[in-house]
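Protein chains in written order, with this note's numbering: chain A, 9 to 451; chain B, 9 to 451. The structure appears below as structure tokens.
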């Protein structure tokens, strides 16, 4: 890529623009976008985030706005329009939509982006219960002209649009032409509430193998359908969000390489600062034990090793529990079950690691690290092994219980990140370590 | 749940059995399973992992084996049979399948479970290019009796089963009855290779909104289809695997609450032991600086704070890069781009945190922590602030480059877990810290 930012734009390929896009100032973007050839522009427009689409649409000439806003599917158009803060601009852009689409978009805009209603498409195939199979096939055929989202399922509605049942296209097609829809429709079906959270909708799709689910309001009036292709995106996005939170940062809004430096900075500095301030506590606690450290510097030498054992087991436990919660495998009421489980597993882990700790201390002894305290070497080894063992159990319990505490306080359990757990374990771990040292070594 | 393990089984509900299942010894499981009523048993059998299905099928009477193995879809049956090690048993179970299914299963068993071939179903709708639309509709209608995986797309094959094109059911249905399939079929389509890795197949589905993709061999002979409902599971599974690895452990085979204690122990102890041994290095390195520490214990007091800053930034960077790699946003060749990005972002992060570090040290000074070294307090504050800043940059670069190194060595980048990065940063961080202290404080 050899295009300088200030060079006069002439033509540019999809790949080149994609590469420099995040580095472009907002008001340069439209100019560059318009240098793409038509096919590249179509691909590009559909690939950029809704925020960027909203920005471009506002800056474009009326003629272009009209063209590009009509390229968007109704649910995408609703997402984009919701991102335009300026009311006048939002109306201008919306008015370029076809009349019929505008109505659909208005209906969709009432939903939040991460609710079932925000994911759904209002374009589904519908029939009446008193039609015959042959009539229904003809009727669906006519609806097909309207770019339906899917004809995999056809929904049976009464005149007030209440959802009565569903017929798969295959069953309709296989059925005897004279039978009534009400006789062949499936009435025992799974529906989604319009304000249901997208994560729980994704879990429904993952558990049962649906291709599409109907969205209904509180009165069982059918509002639209959610198709499984949107769910793949939801599952991927939600996992990415959780992973980033579990890595100790706020979730990014864009791809890694598409994020601006300032976004990257803002999403990362928050937790880093909080954690640094929490670590102020470690220094306070350590200072409290400075006499003990002065009398045996060898105790200091093992601090990182011992803290790390607790932190690492804590990270494992927090990761396991957080993910299991996100997948709906663990609920709040499972807290005692998880506690018991972690207690048993971490006791075995602790015993093993304490043994390794004891061996390590002996290796260090051969390396002459304990020459100053040779006569009391076994006490030191015992202190270190015991501390490793206790901290492993302690770390596991902190790491596994923290997500429950967060969830109980209505905070996303994914905030129980490895760095956060490590920090908590560090602070209290030092107290545990020096208490054990005091008990065994008497310092 | 009040059922004791040794109580004589009588009847049991789905939920109760689900709860005690992981705690049951293998040879008790069949006995309990057979106490379920028929509907619960069907649900239960389809909910347990393939390993457990394989175990039950081996232990059952011929009559039951015949019933339950026929409950499985061909691709699931292939997965289960692959898990039976005893050849004689495997043949016995397989022989209970219907003749036709057995042939499909044999074909599927040639694939690994995590390859495209292992995900696909051989039951797709097929037509010939020289059929008319009306003939094709009749032909597809006949195939529908065979429980096709989907009729959303219908594949056009020549006599040797080469894939020539695809027609959506809607297009077929809308088309003029006399037109030839070869005129209306789409020939420019995305296909999946039979040995393609399931992660890359999932990325294809996520990027474009397909409902199903055809699987072909090297000669473009069509082998089956992969439908999007299986992809939702793949995406969820792969994310869970990555998350668990990034938490510093091997990925579990089962749900958290369904895993046995010994599995949980085995999956966690590996990394914990490795990390503990790596931490042996920290003690060696720290010991090297024990004179410096003796002369100013206050340096020890800040070790956890400084190490944590590097470790936390490193965890963030590793998490970001690993996830972006898993989503295909970053490739090996982006290494310099990522390096530059992390350098810029982490410099700003480092500067901010160094400033906070400086303020923290001043707070500690007011708390009297520096009373022994009051005359040189500013040098100490400078050492700590500089170390925080440098370690933040260093941690970021290590955390972001490690996934590249692992990928380059064909190791899963998700192994660059927060605990692993923290450990690496700890060891080298101590050297950096004491070097800076030596330069500024001259000790």
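Beta carbons are placed, not taken as given, at the ideal position from N, Cα and C, and that holds for glycine. Quick caveat: nothing in here was measured; it's all calculated off a predicted structure.
Residue-chain proximity (residue i, chain B), Cβ-Cβ < 8 Å
{"i": "residue 319 (chain A)", "result": "yes"}
{"i": "residue 365 (chain A)", "result": "yes"}
{"i": "residue 12 (chain A)", "result": "Because residue 12 (chain A) carries a pLDDT of 42, less than 50, the predicted location of this residue cannot be relied on, and no value is offered for it."}
{"i": "residue 441 (chain A)", "result": "no"}
{"i": "residue 426 (chain A)", "result": "yes"}
{"i": "residue 19 (chain A)", "result": "no"}
{"i": "residue 134 (chain A)", "result": "no"}
{"i": "residue 120 (chain A)", "result": "no"}
Alpha-carbon spacing of residue i relative to residue j, whole angstroms
{"i": "residue 90 (chain A)", "j": "residue 84 (chain A)", "result": "10 Å"}
{"i": "residue 70 (chain B)", "j": "residue 101 (chain B)", "result": "8 Å"}
{"i": "residue 176 (chain B)", "j": "residue 236 (chain B)", "result": "15 Å"}
{"i": "residue 304 (chain A)", "j": "residue 390 (chain A)", "result": "15 Å"}
{"i": "residue 373 (chain B)", "j": "residue 299 (chain B)", "result": "23 Å"}
{"i": "residue 123 (chain A)", "j": "residue 326 (chain B)", "result": "31 Å"}
{"i": "residue 98 (chain A)", "j": "residue 129 (chain A)", "result": "21 Å"}
{"i": "residue 10 (chain B)", "j": "residue 34 (chain B)", "result": "Because the pLDDT at residue 10 (chain B) is just 41, under 50, the model does not fix this residue reliably, and the value given afterwards should be weighed accordingly. For residue 10 (chain B) and residue 34 (chain B), the distance between alpha carbons rounds to 20 Å."}
{"i": "residue 455 (chain B)", "j": "residue 195 (chain B)", "result": "The structure shown does not extend to residue 455 (chain B), since chain B spans only 9 to 451, so no value can be given for it."}
{"i": "residue 432 (chain B)", "j": "residue 407 (chain B)", "result": "9 Å"}
{"i": "residue 355 (chain A)", "j": "residue 31 (chain A)", "result": "51 Å"}
{"i": "residue 316 (chain A)", "j": "residue 246 (chain A)", "result": "29 Å"}
{"i": "residue 340 (chain B)", "j": "residue 425 (chain A)", "result": "27 Å"}
{"i": "residue 399 (chain B)", "j": "residue 36 (chain A)", "result": "36 Å"}
{"i": "residue 318 (chain B)", "j": "residue 220 (chain A)", "result": "46 Å"}
{"i": "residue 190 (chain B)", "j": "residue 164 (chain B)", "result": "8 Å"}
Three-state class that DSSP yields for residue i in the structure shown
{"i": "residue 362 (chain B)", "result": "helix"}
{"i": "residue 250 (chain A)", "result": "helix"}
{"i": "residue 201 (chain B)", "result": "strand"}
{"i": "residue 340 (chain A)", "result": "helix"}
{"i": "residue 188 (chain A)", "result": "strand"}
{"i": "residue 176 (chain B)", "result": "strand"}
{"i": "residue 288 (chain A)", "result": "helix"}
{"i": "residue 419 (chain B)", "result": "coil"}
{"i": "residue 392 (chain A)", "result": "helix"}
{"i": "residue 450 (chain B)", "result": "coil"}
{"i": "residue 57 (chain B)", "result": "coil"}
{"i": "residue 105 (chain B)", "result": "coil"}
{"i": "residue 92 (chain B)", "result": "coil"}
{"i": "residue 268 (chain A)", "result": "coil"}
{"i": "residue 194 (chain A)", "result": "strand"}
Residue i vs residue j beta-carbon contact at 8 Å
{"i": "residue 422 (chain A)", "j": "residue 274 (chain A)", "result": "no"}
{"i": "residue 174 (chain A)", "j": "residue 210 (chain A)", "result": "no"}
{"i": "residue 104 (chain A)", "j": "residue 78 (chain A)", "result": "yes"}
{"i": "residue 289 (chain A)", "j": "residue 361 (chain B)", "result": "no"}
{"i": "residue 183 (chain A)", "j": "residue 229 (chain A)", "result": "no"}
{"i": "residue 405 (chain A)", "j": "residue 350 (chain A)", "result": "yes"}
{"i": "residue 238 (chain A)", "j": "residue 116 (chain A)", "result": "no"}
{"i": "residue 44 (chain B)", "j": "residue 64 (chain B)", "result": "no"}
{"i": "residue 437 (chain A)", "j": "residue 397 (chain A)", "result": "no"}
{"i": "residue 52 (chain A)", "j": "residue 22 (chain A)", "result": "yes"}
{"i": "residue 259 (chain A)", "j": "residue 271 (chain A)", "result": "no"}
{"i": "residue 312 (chain A)", "j": "residue 287 (chain B)", "result": "yes"}
Contacts of residue i in chain C (Cβ-Cβ under 7 Å)
{"i": "residue 165 (chain B)", "result": "Any reference to chain C falls outside this structure, whose protein chains are A and B."}
Min CB distance residue i to chain A below 8 Å
{"i": "residue 287 (chain B)", "result": "yes"}
{"i": "residue 357 (chain B)", "result": "yes"}
{"i": "residue 101 (chain B)", "result": "no"}
{"i": "residue 149 (chain B)", "result": "yes"}
{"i": "residue 34 (chain B)", "result": "no"}
{"i": "residue 146 (chain B)", "result": "no"}
{"i": "residue 331 (chain B)", "result": "yes"}
{"i": "residue 95 (chain B)", "result": "no"}
### Query
In chain order, what residues of the segment 235 to 249 of chain A put their CB closer than 7 Å to some CB of chain B?
236, 237, 239, 240, 241, 243, 244, 247, 248
### Contacting positions in the segment 258 to 284 of chain A - beta carbon closer than 7 Å to chain B
Close to chain B, meaning a Cβ-Cβ distance shorter than 7 Å, are the following residues of the segment 258 to 284 of chain A: 263, 264, 265, 269, 272, 273, 276, 277, 280, 281, 283, 284.
### Task
Return the residues of the segment 56 to 83 of chain B that lie within a Cβ-Cβ distance of less than 9 Å from chain A, sorted by chain order.
Taking 9 Å as the cut-off between beta carbons, none of the residues of the segment 56 to 83 of chain B comes near chain A.
### Task
Taking a Cβ distance cut-off of 7 Å, strictly less, list which residues of the segment 183 to 214 of chain B are near chain A, in chain order.
213, 214
### Task
Return the residues of the segment 304 to 328 of chain B that lie within a Cβ-Cβ distance of less than 8 Å from chain A, sorted by chain order.
The residues in question are 305, 306, 308, 309, 310, 311, 312, 313, 315, 316, 317, 319, 320, 321, 323, 324, 326, 327, 328.
### Task
Anything in the segment 368 to 399 of chain B with a Cβ closer than 8 Å to a Cβ of chain A? List those residues in chain order, please.
368, 371, 372, 375, 377, 396
### Chain-ordered residues of the segment 168 to 181 of chain B with a beta carbon less than 9 Å from chain A
Cβ contacts with chain A: 177, 178, 181.
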